[in-house]
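Protein chains in written order, with my numbering: chain A, 471 to 663; chain B, 471 to 663. By construction, the Cβ of each residue, glycine as well, lies at the ideal position given by its N, Cα and C atoms. A quick note: this is a predicted structure, and the numbers were derived from the prediction, not measured. Input: a single structure, listed below in structure tokens.
Protein chains: 2
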Amino acid sequence: MPRPREFDPDLALERAMQTFWSQGYESTSLDDLCDAMALSRSSLYAAFGDKRALLLRALTRYTTKGTARFVAILADRPIRDALAMLFDELIGQILADSEHRGCFIGNCTAELARDDEAMAIVRGAMRRNEDHFRAALEAAQARGEIQPGVDATALARFLFTGLQGFRLLAKADPDRARLRDVARVMLTCLDVG
Amino acid sequence: MPRPREFDPDLALERAMQTFWSQGYESTSLDDLCDAMALSRSSLYAAFGDKRALLLRALTRYTTKGTARFVAILADRPIRDALAMLFDELIGQILADSEHRGCFIGNCTAELARDDEAMAIVRGAMRRNEDHFRAALEAAQARGEIQPGVDATALARFLFTGLQGFRLLAKADPDRARLRDVARVMLTCLDVG
DNA sequence: GAGATTTTAGACTATATAGTCCATAATTGT
DNA sequence: ACAATTATGGACTATATAGTCTAAAATCTC
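Structure below.
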């Protein structure tokens, strides 16, 4: 019956996300979005609502994919290897990103703290990631990789917080030596009884 | 000879800083600034240049005052007491701030990463603060509060990074229990040989 | 008190921006 | 093939915004 869509909504959303991630919310105009998504205004509004709705969907997409990558790295690996891998991968991405985009979640937190819906998505993602850390730490504890007395919840909160700080600092000053120092110290924190 | 200024430039700058801190750069209009600073456009432009120049001065002001507070807390105190005090003060401020403004430096990093001048100010502040941490850690090491083998530079980088993560997370989710967990684990990291 | 000089108030301009709308194109079912 | 239906292009609108400019106000020196 209807005329079919000429574009792939998922690809368009991915491109919108990349644009918001690079430029921030306020600094991204609808023209920027139409260009990046290769869409006319009509198609954009019909498919995604307005600019803010598009941002919320982009943010959700980012958190979903980020958490999935998180889970993949943490699974089936000694916790120290997993964390080392996480930091190595991150450092690689950070140094390769000439745009210094940082973490989209962190960027949204800084820019959109007064947007309750956006922050609800951010908080949800943070809590999920923290939970994955906690689960991984508890599993490691059960395997004897971490001392039994350690408070896995507190350690998970600490690790996730450190990770976000890591990405924020890297955005301002992507210096390999500094990043490696921070990653190294964070890893040693697993040894704290 | 001239007609004297009717306003206090320092107070006006402070108010501009508070406004940028609350709302971010792009979301702050010149009308917002004129209102907050109780200044007409002419006076604002004559005294501070344009909006961006005003932001750079506000950012400089924030970093200067922040670093001074930092130094005051770190001076003449056992390092563990100093860090505990730092976190306690921060948690108090965070929980009292209904606007969730977070750290202005972090906000600027997230929103203005593509502004080289702004980032130069941010990087300078970060490095200075990191240096103060390092100096305090080395002094503590000399006093025997920290084991001699510890790499003070790496630990300082880690602490400052953690602190920024702390403030970013708190902005998104100012939960007392989480903040206390993170602070506690960070403090125990001083014990890592 | 008059002239010189700077500040101030606020009107004004040019532009950018989010969002709307309508005419046309493309497709499917009958 | 034609009607029905949805997608698309892009013009259009209303508004907000950064920055400029002019005239009046306030002060100091002489």
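Flag A624 (chain B) as yes if its beta-carbon sits less than 8 Å from any beta-carbon of chain A, otherwise no.
Locating residue 624 (chain B) in the second sequence gives position 154, where the first residue counts as 1. A624 (chain B) counts as touching chain A.
Apart from the five residues just before and just after E569 (chain A), which ones in its own chain have a Cβ nearer than 6 Å to its Cβ?
Sequence index remark: in the first sequence, residue 569 (chain A) carries index 99 (1-based). Closer than 6 Å at the Cβ level, and outside the excluded window around E569 (chain A), lie S492.
For K641 (chain A), would you say it is in contact with chain B, using Cβ-to-Cβ distances shorter than 8 Å as the test?
Counting from one through the first sequence, the residue named residue 641 (chain A) turns up at place 171. Chain B contact via Cβ: present.
Only counting the same chain, and skipping five residues up and downstream in sequence, which positions put a Cβ closer than 7 Å to that of L544 (chain A)?
For the purposes of this step, residue 544 (chain A) is taken as the residue at position 74 of the first sequence. Excluding residues within five positions, the ones whose Cβ falls inside 7 Å are A552, H602 and A606.
Flag S510 (chain B) as yes if its beta-carbon sits less than 8 Å from any beta-carbon of chain A, otherwise no.
Position 40 of the second sequence, counted from the start, is the residue given in the question as residue 510 (chain B). By this cut-off, S510 (chain B) is not an interface position.
Determine the contact status of T530 (chain A) and I591 (chain A), defining contact as a CB-CB distance below 8 Å.
Taking the first sequence and counting its residues from 1, one reaches residue 530 (chain A) at position 60. Taking the first sequence and counting its residues from 1, one reaches residue 591 (chain A) at position 121. Closer than 8 Å, so yes.
So with Cβ pairs under 8 Å, would you call M487 (chain A) a contact of chain B?
Numbered from 1 along the first sequence, position 17 holds the residue referred to as residue 487 (chain A). By this cut-off, M487 (chain A) is not an interface position.
What in chain A is Cβ-close to L648 (chain B), meaning under 7 Å?
For the purposes of this step, residue 648 (chain B) is identified with residue 178 of the second sequence, where counting begins at 1. Here residue 648 (chain B) is Arg; the residue named in the question, Leu, does not match the sequence. The answer, in chain order, is R627.
Using a Cβ-Cβ distance cut-off of 8 Å, determine whether M507 (chain A) contacts chain B.
Residue mapping note: residue 507 (chain A) aligns to position 37 of the first sequence, counting from 1. Judged by the 8 Å Cβ criterion, M507 (chain A) is not in contact with chain B.
Following the continuous alpha helix (DSSP H) through Y495 (chain A), name the residue where it begins and the one where it ends.
By one-based count along the first sequence, residue 495 (chain A) stands at place 25. Careful: Y495 (chain A) lies outside any alpha helix (DSSP H) and carries neither H nor E.
Specify the secondary structure class of G614 (chain B) as computed by DSSP and reduced to three states.
Start at 1 with the first residue of the second sequence, and residue 614 (chain B) comes out as number 144. Correct three-state label for G614 (chain B): coil.
Take L565 (chain B) and list the residues in its own chain whose beta-carbon comes closer than 7 Å to its own, dropping the five residues that flank it on each side.
In the second sequence, counting from the first residue as 1, residue 565 (chain B) sits at position 95. If we look at L565 (chain B) and ignore the five residues flanking it on each side, its Cβ neighbours are P644 and R646.
Keeping to the same chain, check which residues put their C-beta closer than 8 Å to that of A506 (chain A); ignore five residues upstream and five downstream.
In the first sequence, the residue the question calls residue 506 (chain A) occupies position 36. Cβ within range, chain order: R485, A486, Q488 and T489.
If you count every other CB in all the chains shown that lies within 10 Å of the CB of M413 (chain B), and 16 or more means buried, which is it?
Nothing about residue 413 (chain B) can be read from this structure; chain B reaches only from 471 to 663.
Is E559 (chain A) helix, strand or coil by DSSP?
Here the question's residue 559 (chain A) lines up with position 89 in the first sequence. Correct three-state label for E559 (chain A): helix.
For C659 (chain B) and chain A, any beta-carbon pair shorter than 8 Å?
Residue mapping note: residue 659 (chain B) aligns to position 189 of the second sequence, counting from 1. It does: the Cβ of C659 (chain B) has a partner Cβ on chain A nearer than 8 Å.
Count the other C-beta atoms from every protein chain shown that fall within 10 angstroms of the C-beta of M542 (chain A), then say buried if there are 16 or more, exposed otherwise.
Start at 1 with the first residue of the first sequence, and residue 542 (chain A) comes out as number 72. Going by the sequence as given, residue 542 (chain A) is Ala instead of Met. By the 10 Å Cβ count, A542 (chain A) comes out exposed.
If we define contact as Cβ-Cβ less than 8 Å, is N599 (chain B) a contact residue for chain A?
Reading the second sequence from its first residue, position 129 is the one you call residue 599 (chain B). For N599 (chain B), the answer is no, since every Cβ of chain A falls outside 8 Å of its Cβ.
Contact check, V652 (chain A) vs T631 (chain B) under 8 Å by CB: the rounded distance?
Position 182 of the first sequence, counting from 1, holds the residue named residue 652 (chain A). Position 161 of the second sequence, counting from 1, holds the residue named residue 631 (chain B). The Cβ separation is near 5 Å, so the contact holds.
Anything in the segment 563-592 of chain B with a Cβ closer than 7 Å to a Cβ of chain A? List those residues in chain order, please.
Within the segment 563-592 of chain B, the qualifying residues are H570, G572, G576, N577, T579, A580, E581, A583, M589 and V592.
From this set, B:V620, B:A609, B:E600 and B:C573, which residue's C-alpha is nearest L639 (chain B)'s C-alpha?
Walking along the second sequence from the start, residue 639 (chain B) turns up at place 169. The option with the nearest alpha carbon to L639 (chain B) is B:C573.
Let me see if you follow: with CB-CB separation under 8 Å, is V541 (chain B) close to chain A or not?
On the second sequence, position 71 is the one that residue 541 (chain B) refers to. So, not an interface residue.
Output, in chain order, the set of chain A residues within a Cβ distance shorter than 8 Å of F636 (chain B).
In the second sequence, residue 636 (chain B) corresponds to position 166, counting from 1. Near F636 (chain B) (Cβ distances below 8 Å), the residues of chain A are T631 and G635.
Shortest alpha-carbon distance to P479 (chain B) belongs to which of B:L503, B:D502, B:E496 and B:A517?
Here residue 479 (chain B) is taken as the residue at index 9 of the second sequence, counted from 1. When only C-alpha atoms are compared, the closest one is B:A517.
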